[in-house]
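S.K.:
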């Protein structure tokens, strides 16, 4: 987001204010979330990268040209953030969107809380979703193959939570957010839920964390690390959550070996050191040759480094044709878990790339979703 866009966003937020949500002491910030959504949509539409939409942006101008309020021939971000149609995902049930769980620097971090559609006796278990996007993108909105998970688990009495977190901004050398901050924020989201478990009527001893891709990496780290690890907001530090289980879809398991990222197939897009750079923003990364501080960071952000025989159980599902996070990560995770007696189940999906959209994959997308639902229910004793 440019400085000008950020100023426009802050003005929009101040003018719009924050609303109060159920429960009464949980603040929401719909305006801030709208600004984030507007920025994402604006950047996607701005094909010419000139921070405005005009006829040279083709289809985007056809779609958004009517937002040119001052008739100067282009749509500025100021006009876009006020006038663009940015609907929330459809949900057949009760959802409290944009709950503020912490502030970090100039960023407000939000979560969406989906109430169970099935009445439950006692406190509800929690399904906690950490989105993907390569630690640099993505958002908390559910869709695609994520919404069926929320649908099924909500129908089984789960409170489903989707959390946003700070993103690494490789394009901004002055921004100090790193991959570790993504983990810290997601852990703080759990601490926030613990703080408010009575108001939310949730059982924080029955939490399953789930994510795909980069979110799968975060889910692994949350599952294997302890409640006090990845300390963040001091105001949340005393709220401790031990997870019941975790599910990772095609998330990386170890950054210490670039060979794990070396995909040799015809669809190769990334150099082996591509993703590791988000640990410390270095453009070329070699764990064995970096200084001690970077090696320590790399270990801490490698899920297998945390493995021990008393970890919460994890289900890891990975495509055998994944050209983004190669399938050797799944084999590596399985091997390291077996070495220490950790409870890790690995399921390979034949014919699948970085997701479940390929035709003819085995097991099918529906079966992968069902495996995930069943695993969450089994480990929270939902029948």
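Residue numbers (UniProt numbering): 1 to 383.
Note that beta-carbon positions come from the ideal geometry of N, C-alpha and C, so glycine has one too.
Are residue 252 and residue 262 touching if we call contact CB-CB under 8 Å?
M.R.: Your numbering for residue 252 matches position 252 in the chain shown. Your numbering for residue 262 matches position 262 in the chain shown. No; because the gap between Cβ atoms is not below 8 Å, this pair is not in contact.
S.K.: Give the range of the alpha helix (DSSP H) segment to which residue 61 is assigned.
M.R.: Sequence index remark: in the chain shown, residue 61 carries index 61 (1-based). Element bounds for residue 61: 59-64.
S.K.: From what residue to what residue does the alpha helix (DSSP H) around residue 148 run?
M.R.: To locate residue 148, count along the chain shown from 1; it is residue 148. 147-155 is the span of the alpha helix (DSSP H), which, as asked, contains residue 148.
S.K.: Apart from the five residues on each side of it in sequence, which residues of its chain come closer than 8 Å, Cβ to Cβ, to residue 154?
M.R.: By one-based count along the chain shown, residue 154 stands at place 154. 93, 114, 115, 116, 117, 118 and 160, listed in sequence order.
S.K.: DSSP state of residue 345, grouped into three classes?
M.R.: As a working mapping, residue 345 is identified with position 345 in the chain shown. Of the three classes helix, strand and coil, the one that applies to residue 345 here is strand, per DSSP.
S.K.: Does the stretch 316-332 come within contact of the stretch 245-259, defined as at least 3 CB pairs closer than 8 Å?
M.R.: Short answer: they touch.
S.K.: What are the uninterrupted segments assigned as beta strand (DSSP E) that are 3 or more residues long and contained completely in the stretch 168-192, given in chain order?
M.R.: Listed in chain order, there is nothing to give.
S.K.: Taking 6 Å as the limit between beta carbons, can you name the residues of its chain near residue 165, skipping five residues before and five after?
M.R.: Within the chain shown, the letter at position 165 stands for residue 165. Cβ within range, chain order: 182, 185 and 186.
S.K.: Who are residue 129's beta bridge partners in DSSP?
M.R.: Within the chain shown, the letter at position 129 stands for residue 129. In DSSP, residue 129 forms a bridge with 162 and 210.
S.K.: Classify residue 172: buried if its beta carbon has 16 or more other beta carbons within 10 angstroms, exposed otherwise.
M.R.: Here residue 172 refers to the residue found at position 172 of the chain shown. Residue 172 comes out exposed.
S.K.: Determine, using beta-carbon pairs with one atom in the stretch 299-310 and one in the stretch 217-224, whether at least three such pairs fall under 8 Å.
M.R.: Judged by Cβ distances under 8 Å, the stretch 299-310 makes contact with the stretch 217-224, as three or more pairs qualify.
S.K.: Three-state secondary structure (DSSP) at residue 22?
M.R.: On the chain shown, residue 22 is found 22 positions in, with the first residue counted as 1. Model confidence at residue 22 stands at a pLDDT of 46, short of 50, so the residue's coordinates are unreliable; what they give is reported in the following sentence. The answer is coil: DSSP assigns residue 22 none of H, G, I, E or B.
S.K.: Check whether the stretch 28-38 touches the stretch 95-107, taking contact to mean three or more Cβ pairs, one atom from each stretch, closer than 8 Å.
M.R.: Taking 8 Å as the limit for Cβ pairs, the verdict is that the stretch 95-107 does touch the stretch 28-38.
S.K.: Considering only the beta carbon of each residue, do residue 178 and residue 336 sit closer than 8 Å?
M.R.: For the purposes of this step, residue 178 is taken as the residue at position 178 of the chain shown. For the purposes of this step, residue 336 is taken as the residue at position 336 of the chain shown. It is not a contact, given that the beta carbons lie outside the stated cut-off.
S.K.: Following the continuous beta strand (DSSP E) through residue 114, name the residue where it begins and the one where it ends.
M.R.: For this step, residue 114 is matched to residue 114 along the chain shown. Run containing residue 114: 107-114, per the beta strand (DSSP E) assignment.
S.K.: Could you spell out where the beta strand (DSSP E) holding residue 101 opens and where it closes?
M.R.: For the purposes of this step, residue 101 is taken as residue 101 along the chain shown, with counting starting at 1. It spans 95-104 - the beta strand (DSSP E) in which residue 101 sits, taken as one unbroken run.
S.K.: If you draw a straight line from the alpha carbon of residue 86 to that of residue 37, how long is it in whole angstroms?
M.R.: The sequence position of residue 86 within the chain shown is 86, counting from 1. The sequence position of residue 37 within the chain shown is 37, counting from 1. Approximately 7 Å, taken between the alpha carbons.
S.K.: Starting from residue 38, trace the alpha helix (DSSP H) in both directions and tell me its first and last residue.
M.R.: Here residue 38 is taken as the residue at index 38 of the chain shown, counted from 1. Start and end: 30-45.
S.K.: Between the stretch 121-136 and the stretch 52-67, can you find at least three pairs of beta-carbon atoms closer than 8 Å?
M.R.: Judged by Cβ distances under 8 Å, the stretch 52-67 makes no contact with the stretch 121-136, as fewer than three pairs qualify.
S.K.: Round the Cβ separation of residue 236 and residue 188 to the nearest angstrom and send it over; I've been treating them as touching at under 8 Å.
M.R.: The count along the chain shown starts at 1 and reaches residue 236 at position 236. The count along the chain shown starts at 1 and reaches residue 188 at position 188. Residue 236 to residue 188, Cβ: 5 Å. Contact.
S.K.: From residue 386 to residue 120, what does the alpha carbon distance come to, in whole angstroms?
M.R.: Residue 386 is absent from the structure shown; the chain starts at 1 and stops at 383.
S.K.: For residue 325, I'd like the list of residues in its chain whose CB is within less than 6 Å of its CB, leaving aside the five on either flank, ordered along the chain.
M.R.: For the purposes of this step, residue 325 is taken as residue 325 along the chain shown, with counting starting at 1. Answer for residue 325: 250 and 252, listed in chain order.
S.K.: Assuming residue 376 contacts residue 245 under a Cβ cut-off of 8 Å, what Cβ separation, rounded to an integer in Å, is found between them?
M.R.: Along the chain shown, one-based indexing puts residue 376 at 376. Along the chain shown, one-based indexing puts residue 245 at 245. That belief holds up - the Cβ atoms of residue 376 and residue 245 are roughly 7 Å apart, short of 8 Å.
S.K.: Using beta-carbon positions only, say whether residue 342 and residue 311 come within less than 8 Å of one another.
M.R.: Against the chain shown, residue 342 aligns to sequence position 342. Against the chain shown, residue 311 aligns to sequence position 311. Yes, the Cβ-Cβ distance between residue 342 and residue 311 is below 8 Å.
S.K.: Pick from 240, 373 and 382: whose alpha carbon is nearest that of residue 148?
M.R.: Your numbering for residue 148 matches position 148 in the chain shown. Among 240, 373 and 382, the Cα nearest to that of residue 148 belongs to 373.
S.K.: Between the alpha carbons of residue 320 and residue 140, how many angstroms are there, rounded?
M.R.: Start at 1 with the first residue of the chain shown, and residue 320 comes out as number 320. Start at 1 with the first residue of the chain shown, and residue 140 comes out as number 140. So the alpha carbons of these two residues sit roughly 27 Å apart.
S.K.: Which whole-angstrom value is the C-beta distance of residue 227 and residue 247, which I expect to be below 8 Å?
M.R.: What you label residue 227 is simply residue 227 of the chain shown in a count that begins at 1. What you label residue 247 is simply residue 247 of the chain shown in a count that begins at 1. Between residue 247 and residue 227 the Cβ distance is about 19 Å, and since that is not below 8 Å, they are no contact.
S.K.: Please state if the CB of residue 356 and the CB of residue 370 are separated by a distance shorter than 8 Å.
M.R.: On the chain shown, position 370 is the one that residue 370 refers to. On the chain shown, position 356 is the one that residue 356 refers to. Taking 8 Å as the Cβ cut-off, residue 370 and residue 356 do not qualify as a contacting pair.
S.K.: What are the start and end residues of each continuous beta strand (DSSP E) run of 3 or more residues lying completely inside the stretch 292-365, in chain order?
M.R.: Taking only runs of at least 3 residues, the beta strand (DSSP E) segments lying wholly in the stretch 292-365 are 314-319 and 344-349.
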